[in-house]
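In the working numbering, the protein residues as written are 1107 to 1448.
Backbone N, C-alpha and C fix where the C-beta goes; we use that ideal spot for every residue, glycine too.
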Ligand SMILES: Cc1cc2nc3c(=O)[nH]c(=O)nc-3n(C[C@H](O)[C@H](O)[C@H](O)COP(=O)(O)O)c2cc1C
């Protein structure tokens, strides 16, 4: 059951998110610090040819199409917004319940519900492009030709900065194996998307792979401009009282603070075998989390589950990051990238 928070934004009742909200009455895990007029901190970063005014990007599926948050969040403060995953046809998504909490995060099985790429181009993008944040379209399909179809439709639209290819999807032509779990399937879908696209192509990997280096390399060689590491971790939550899964589609994907150290290792390992930039995400809440991902090798980060604790999480993080950098005598945040000491 979903209960409204004081802002009127739906939040999940339960253990971790509730506890977070109680501990932090302003509903943000971090105290909010308003940057002084001139901190001297340069938050600008590059993800390949994409220049962002700061490294904070709202993650796909946790921030709608961005517009739903515009009355609460100053979207112009964000480095970027990755919109909800787009498919060739609208999708109704999975059976309810679709989300449940865990000790330090949440598990979701939304089932990639979305309005379809054509409705996005006609109804959302014209408004979204007026905001001063990079707009990144998250793209997925069940076949390679569906990925290509979505990109081809987006190619004719103005106002997009890049594509983020979600390859944690079952390939119905290959017995349902996820593209991301097999370097050959990864290379096939990335190469097809590359040929269809004139915009920067970011490839979002699944964490469920034995050696991330193989998929990372396969993406790079097939033409990816950046890697996004990573998606959620396949999980199962059971209600022992009724002996049923807590989710309508039985299994789901784990996200939030629980996955941060595991994903950060993937960022670190991928950064050692590829030359293309990495966008890191998984469990980011505060400015130190951002710095840690950058030290591990990320050029920028995305914020996901934190929006379910506080819809303004990523906006607040921009200001808090600036103050954190000043306190840490880090006046060019881009210099943190990959500077983990041995
Ligand atoms: C409710 C929900 C919906 C999501 N939908 C998508 C999606 O449509 N496409 C996608 O690539 N990732 C999706 N994700 C994954 C997030 O973008 C992100 O990779 C993951 O949650 C890890 O980051 P976090 O720990 O900061 O949430 C979704 C995550 C959540 C929690």
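- According to the DSSP assignment, residue 1245 belongs to the beta strand (DSSP E) that extends over 1240-1245.
- A contact is defined here as three or more CB-CB pairs under 8 Å, and the segment 1345-1356 fails this definition with respect to the segment 1394-1411.
- A Cβ-Cβ distance of about 19 Å is found for the pair residue 1310 and residue 1255, leaving them out of contact under the 8 Å criterion.
- Remark: the C-beta of residue 1392 is outside contact range of ligand 1, defined as less than 6 Å to any heavy atom.
- Here the alpha carbons of residue 1186 and residue 1302 stand approximately 23 Å from one another.
- The beta carbon of residue 1337 sits closer than 8 Å to the beta carbons of 1272, 1274, 1286, 1310, 1311, 1312, 1313 and 1359 from its chain, once the five residues preceding and following it are set aside; these are given in chain order.
- Counted as a single uninterrupted DSSP element, the stretch harbouring residue 1377 is not any beta strand (DSSP E) but the alpha helix (DSSP H) occupying residues 1366-1379.
- Counting only residues of its own chain and dropping the five nearest sequence neighbours on each side, residue 1179 has a CB closer than 8 Å to the CB of 1417, 1418, 1420 and 1421.
- Non-local C-beta neighbours of residue 1249 in its own chain, meaning closer than 8 Å and more than five positions away in sequence, comprise 1277, 1278 and 1279, ordered along the chain.
- Taking non-hydrogen atoms of ligand 1 into account, the C-beta of residue 1411 is found less than 6 Å away from one of them.
- Each residue's CA atom was taken as its position, placing residue 1257 and residue 1299 some 7 Å apart.
- Annotated three-state conformation of residue 1391 is coil, per DSSP.
- Here the alpha carbon of residue 1327 sits roughly 28 Å from the alpha carbon of residue 1365.
- If you draw a straight line from the Cα of residue 1444 to the Cα of residue 1370, it is about 12 Å long.
- If you check the CB distance, residue 1199 and residue 1235 do not come in under 7 Å.
- With contacts defined as CB atoms closer than 7 Å, residue 1367 and residue 1331 fail to qualify as a contacting pair.
- Every beta strand (DSSP E) of 3 residues or more that sits fully in the segment 1393-1426 is shown, in chain order, as 1406-1409.
- If you keep only unbroken beta strand (DSSP E) runs of at least 3 residues inside the segment 1284-1341, you get 1307-1311 and 1332-1335.
- For residue 1319, the distance from the CB to the nearest heavy atom of ligand 1 is not below 6 Å.
- Three or more pairs of CB atoms, one per stretch, sit closer than 8 Å, so the segment 1207-1227 contacts the segment 1190-1199.
- Per DSSP, the continuous alpha helix (DSSP H) segment holding residue 1259 begins and ends at 1250-1261.
- Taking C-beta atoms under 8 Å as the contact rule, residue 1192 and residue 1245 qualify, at a distance of about 6 Å.
- Residue range 1268-1272 is occupied by the beta strand (DSSP E) that includes residue 1271.
- With a 10 Å radius around the Cβ and a threshold of 16 neighbouring Cβ atoms, residue 1379 comes out exposed.
- Taking the Cα positions, residue 1323 is about 45 Å away from residue 1348.
- In the structure shown, residue 1344 falls within a strand segment according to DSSP collapsed to helix, strand and coil.
- Distances from the alpha-carbon of residue 1315 to those of 1294, 1295 and 1283 put 1283 closest.
- Not one heavy atom of ligand 1 is found less than 6 Å from the C-beta of residue 1441.
- Only exposed fits residue 1346, as fewer than 16 other CB atoms lie within 10 angstroms of its CB.
- Within the segment 1198-1238, the runs of alpha helix (DSSP H) at least 4 residues long that lie entirely inside it are, in chain order, 1231-1234.
- Counting along the chain, residue 1357 sits inside the beta strand (DSSP E) bounded by residues 1357-1361.
- Taken from the Cβ of residue 1310, at least one heavy atom of ligand 1 lies inside 6 Å.
- If you draw a 10 Å sphere on the C-beta of residue 1376, you find 16 or more other C-beta atoms in it, and that means buried.
- Annotation for residue 1337 indicates a beta carbon within 6 Å of some heavy atom of ligand 1.
- Counting C-beta atoms within 10 angstroms of its own C-beta, residue 1433 has fewer than 16 neighbours from the protein chains shown and is therefore classed as exposed.
- The shortest C-alpha to C-alpha distance from residue 1438 to any of 1150, 1382, 1247 and 1140 is the one to 1150.
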